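Here the sequence shown stands for residues 758 to 1315, where the numbers follow this note's numbering.
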Amino acid sequence: MEDHSLPQGSYFLGFDSSTQSLKATVLDANLNIVAREIVNFDSDLPHYKTKDGVYRDASINGRIVSPTLMWVEALDLILHKLQKSQLDFGRIASVSGSGQQHGSVYWKKGSISTLSSLDPTQPLAAQLSGSFSIKDSPIWMDSSTTEQCKAIEKAVGGALELSKLTGSRAYERFTGPQIRKIYETQPEAYDATERISLVSSFMASILIGSYACVDHTDGAGMNLMDIKDRAWSKKILEVTALGLEEKLGNLAPAYAVAGSISLYFVERYRFDKNCLIIQWSGDNPNSLAGLTLNSPGDLAISLGTSDTVFGISTEHKPSLEGHVFPNPVDTNSYMVMLCYKNGSLTREDIRNRCADSSWDIFNSYLQNTQPLNGGKLGFYYKDYEIIPPLPVGFHRFILENFTSESLDGVKVREVTEFDAASEVRAVIEGQFLSMRAHAERFGMPSPPTRLIATGGASNNENILSSVASIFGCNVYKIQSSDSASMGAALRAAHGWLCNKSGKFVPISCLFSYNLEKTSLNCTLAASPGDQELVNKYTLLMKKRIEIENHLVEKLGRV
Ligand code: XUL
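#1: With distances taken from CA atoms, which of Glu1174, Gly1100 and Arg926 is nearest Gly1079?
#2: Quick one: what's Arg926 bridged to in DSSP?
#3: So is the beta-carbon of Trp707 under 6 Å away from any non-hydrogen atom of the ligand XUL?
#4: Select from Ser1237, Gly1166 and Glu1171 the residue whose C-alpha is nearest the C-alpha of Phe1154.
#5: Is Thr974 helix, strand or coil when you go by DSSP?
#6: At a cut-off of 6 Å, would you count Cys1266 as near the ligand XUL, judging by its Cβ distance to the nearest heavy atom?
#7: Return yes when at least one heavy atom of the ligand XUL lies under 6 Å from the C-beta of Ser950, else no.
#8: Do Leu1048 and Ser1240 have their C-beta atoms closer together than 7 Å?
#9: Beta carbon of Cys906: closer than 6 Å to some heavy atom of the ligand XUL?
#10: Tell me, which residues are paired with Lys1234 by DSSP?
#11: In three-state DSSP terms, what is Pro824?
#12: Is Asp899 helix, strand or coil when you go by DSSP?
#13: Please list the terminal residues of the continuous beta strand (DSSP E) segment that includes His1152.
#14: Measure the alpha-carbon distance for Phe1159 versus Val1181 and round it to whole angstroms.
#15: Just verifying my parser: in three-state terms, what is the DSSP assignment at Leu1329?
#16: Mind listing, in chain order, the continuous beta strand (DSSP E) runs of no fewer than 3 residues lying wholly within the region 865 to 920?
#17: Give me whichever residues DSSP pairs with Asn797 in a beta bridge.
#18: Based on Cα-Cα distance, which residue from Ala988, Leu1050 and Val783 lies nearest to Ala1249?
#19: What do you reckon, are the CB atoms on Ser800 and Val811 nearer than 7 Å?
#20: Between the alpha carbons of Ser1115 and Gly1187, how many angstroms are there, rounded?
#21: So what does DSSP say about Ser1222, is it helix, strand or coil?
#22: List the DSSP bridge partners of Asp1064.
#23: Return the chain-ordered list of same chain residues with a C-beta closer than 6 Å to the C-beta of Ala969, the five sequence neighbours on each side being excluded.
#24: So Gly860 and Ser894 are in contact, right, with Cβ under 8 Å, and what is the actual spacing, rounded?
#25: Identify which residue in Ala792, Val796, Thr776 and Lys1257 has its Cα closest to the Cα of Gly856.
#26: From Ala946, Asn1306, Leu1190 and Gly1166, pick the residue whose C-alpha is nearest to that of Pro1317; which is it?
#27: What is the DSSP secondary structure of Arg987, reduced to helix, strand or coil?
#28: To the nearest angstrom, report how far apart Leu834 and Lys806 are at their CA atoms.
#29: What does DSSP give as the partner residue(s) for Arg813 in the beta ladder?
#30: Which of helix, strand or coil does DSSP assign to Leu999?
#31: Per DSSP, Ala1009 forms a beta bridge with which residues?
#32: For a quick check, are the C-beta atoms of Pro1146 and Ala1225 less than 7 Å apart?
#33: Does Pro944 come out as helix, strand or coil in the three-state DSSP assignment?
#34: Compute the minimum distance between the beta carbon of Pro824 and the heavy atoms of the ligand HEM, and state whether it is under 6 Å.
#35: Where do the N-terminal and C-terminal ends of the alpha helix (DSSP H) with Gly1047 fall, by residue?
#36: Kindly indicate the opening and closing residues of the alpha helix (DSSP H) around Phe1119.
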């Protein structure tokens, strides 16, 4: 039998270049965490003057960008922090990473020579500051490309056709519509671009000192890749922007080697020169790997700047809602996902306004209010939401005569405010009722066999208890809530193993160690308790969707 063990004494480094921070997780050969670090963009790199890692452009509706150079500077800073923590870089056998999905970077013509000859005595940012034809990268929060989405869908024969081809209908944050907008509104900048990277392939490019490929999984978040063939769709490239193919480079599987680490990092941080860089991917696909999701009955929810719900599917059913991506660690299955823009920043907003900016008060409100919130339903969109496509605004309703036995005779009354405690419960129940409803509509398992929670808010027991009752299943957690950087470290190990074997090997080979003894062990965090409550939530969810449909008819994007 082939030996699938990882070399004892070696380390595997995973990054997560996300909206608000750059994180790193280092695993040893037994898959235990040996080091972690974080660079918080707002506080550690204040000279970029970001708020929550982004710039919200008040002059253009829905435009949200991040300074590309900040991500570059964060890489030097996090490596410097890891160096100070005495991490032995020489033991790192491979590196991979997660990038916030959809965000794009525009490399100026000629930048490849700067990238391939970086001087290890100088910081990265100083050397790459002139390398971008667009200085601020459009990111996943941007919703300014509705016109481009409509045009692309129309040109390929409709939204469902685009979903059939690429795994998703056109979405404002997806990279194809973003590129089309740049092509239309900044043609000189588009012409001056020699390579367009995703955040994932961008960070990998810096590490290898050359342009890295986009991986198949994150590539499916662009509305440009034929998901069946895992190749750029010529038809869609043509209707997106002229001359696009040469700017995109090649695609590669997630488990492939992007290249060896560049001399810059060997000399500046003492990485081993044989250290491999495995293709980076999106944060959600890598979370799927980090949570060791492997059964179609499992669902994961990631509660971060964005909230996402995802699972595994063996088939690709085109839909007008949600996304289908290739599974980064299994060549035969797909990842299915829903993404909400109003995640932690919206929870924080309600905490700040209603709970004196304190999570303790927020939690006490959750503890002291009854499940179902006496029929109070809230819709909180601090940012233009994706699911449902509704603009910024808060909407509150009270269901009168809601006995929780049936919806007969229930009257819906709109109100302008709730008391503070009800507002807190309404934002939490509202977010998870919406997730359950849309997950069911998208064909995800209901109830799931189990639900694995990750991301910052998964540390909140009160929130997880509501999740368990709303979804009607047990909720589990892994030791670290940073599944995106954990998944990247795991994918670094997986890619290393595939490279050693000269072919794809299932990631389960890595788990022959007995998962329970590793940092990936899942523990039960909350149970649904009483089935009657689950049934009542089912009714409430139905009513909520009815109200949501009315709101979309009245205010939504078509
Ligand atoms: C997924 C999405 C977000 C970002 C967050 O489609 O837009 O979850 O990946 O980093």
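We treat Cβ as the ideally placed atom computed from N, Cα and C, and that holds for glycine. Note that this is a predicted model, so its numbers are computed, not measured.
In this structure, then:
#1: Within the sequence shown, the letter at position 322 stands for residue 1079. Per the Cα distances, Arg926.
#2: The residue labelled residue 926 in the question sits at position 169 within the sequence shown. BP columns for Arg926 are empty, so no partner.
#3: For residue 707 there is no data in the structure shown, the boundaries of the chain being 758 and 1315.
#4: Counting from 1 along the sequence shown, the entry for residue 1154 is found at position 397. The shortest C-alpha separation from Phe1154 is found at Glu1171.
#5: For the purposes of this step, residue 974 is taken as residue 217 along the sequence shown, with counting starting at 1. DSSP places Thr974 in helix when its eight states are reduced to three.
#6: Mapped onto the sequence shown, residue 1266 falls at position 509. Checking every heavy atom of the ligand XUL against the Cβ of Cys1266, none is found closer than 6 Å.
#7: Working through the sequence shown from its first residue, we reach residue 950 at position 193. The amino acid occupying residue 950 in the given sequence is Thr; Ser does not appear at that position. Flag unset: Cβ of Thr950 not near the ligand XUL.
#8: Within the sequence shown, residue 1048 is the residue found at index 291, counting from 1. Within the sequence shown, residue 1240 is the residue found at index 483, counting from 1. It is a contact, given that the beta carbons lie within the stated cut-off.
#9: Residue 906 sits at position 149 when you count from the first residue of the sequence shown. Checking the Cβ of Cys906 against the ligand XUL gives no.
#10: One-based indexing of the sequence shown puts residue 1234 at position 477. For Lys1234, which the question treats as bridged, DSSP gives the partners Ala1210 and Thr1280.
#11: Looking up residue 824 in the sequence shown gives position 67. Note: Pro824 maps to strand in three-state DSSP.
#12: As a working mapping, residue 899 is identified with position 142 in the sequence shown. Coil at Asp899, not helix or strand.
#13: Counting from one through the sequence shown, the residue named residue 1152 turns up at place 395. Taken as a continuous stretch (DSSP letters only), the beta strand (DSSP E) holding His1152 covers Gly1150 to Glu1157.
#14: Against the sequence shown, residue 1159 aligns to sequence position 402. Against the sequence shown, residue 1181 aligns to sequence position 424. Roughly 20 Å between the two C-alpha positions.
#15: Outside the displayed span of the chain (758 to 1315) sits residue 1329, for which this structure offers no information.
#16: 893 to 895
#17: Numbered from its first residue, the sequence shown carries residue 797 at position 40. According to DSSP, Asn797 bridges with Ser778.
#18: Locating residue 1249 in the sequence shown gives position 492, counting from the first residue. Considering only alpha carbons, the answer is Val783.
#19: Your numbering for residue 800 matches position 43 in the sequence shown. Your numbering for residue 811 matches position 54 in the sequence shown. No, the pair does not count as a contact, with Cβ atoms beyond the cut-off.
#20: Taking the first residue of the sequence shown as 1, we reach residue 1115 at position 358. Taking the first residue of the sequence shown as 1, we reach residue 1187 at position 430. Those two C-alpha atoms are separated by around 20 Å.
#21: Position 465 of the sequence shown, counted from the first residue, corresponds to residue 1222. It is helical.
#22: Taking the first residue of the sequence shown as position 1, residue 1064 is located at position 307. Leu1060 and Tyr1097, per the DSSP bridge assignment.
#23: One-based indexing of the sequence shown puts residue 969 at position 212. Cβ neighbours of Ala969 beyond the five flanking positions: Ser958, Ala961, Ser962 and Ala1015.
#24: The residue you call residue 860 lines up with position 103 of the sequence shown. The residue you call residue 894 lines up with position 137 of the sequence shown. Indeed they touch by this definition, with Cβ atoms about 5 Å apart.
#25: Taking the sequence shown and counting its residues from 1, the one referred to as residue 856 is at position 99. Ranking Ala792, Val796, Thr776 and Lys1257 by Cα distance to Gly856 puts Thr776 first.
#26: Residue 1317 is absent from the structure shown; the chain starts at 758 and stops at 1315.
#27: Taking the sequence shown and counting its residues from 1, the one referred to as residue 987 is at position 230. Correct three-state label for Arg987: coil.
#28: The residue given as residue 834 occupies position 77 in the sequence shown. The residue given as residue 806 occupies position 49 in the sequence shown. Cα to Cα, the separation comes out at about 17 Å.
#29: Position 56 of the sequence shown, counted from the first residue, corresponds to residue 813. Ile821.
#30: Along the sequence shown, read from residue 1 onward, the residue named residue 999 stands at position 242. The answer is coil: DSSP assigns Leu999 none of H, G, I, E or B.
#31: As a working note, residue 1009 is residue 252 in the sequence shown. Note: Ala1009 sits in a beta bridge opposite Asp972.
#32: Counting from one through the sequence shown, the residue named residue 1146 turns up at place 389. Counting from one through the sequence shown, the residue named residue 1225 turns up at place 468. Cβ atoms of Pro1146 and Ala1225: not closer than 7 Å.
#33: What you label residue 944 is simply residue 187 of the sequence shown in a count that begins at 1. If DSSP states are grouped into helix, strand and coil, Pro944 belongs with the helices.
#34: Among the ligands present in this structure, namely the ligand XUL, the ligand HEM is not found.
#35: Locating residue 1047 in the sequence shown gives position 290, where the first residue counts as 1. Run containing Gly1047: Asp1040 to Gly1047, per the alpha helix (DSSP H) assignment.
#36: Mapped onto the sequence shown, residue 1119 falls at position 362. Segment Trp1116 to Asn1125, the alpha helix (DSSP H) holding Phe1119.
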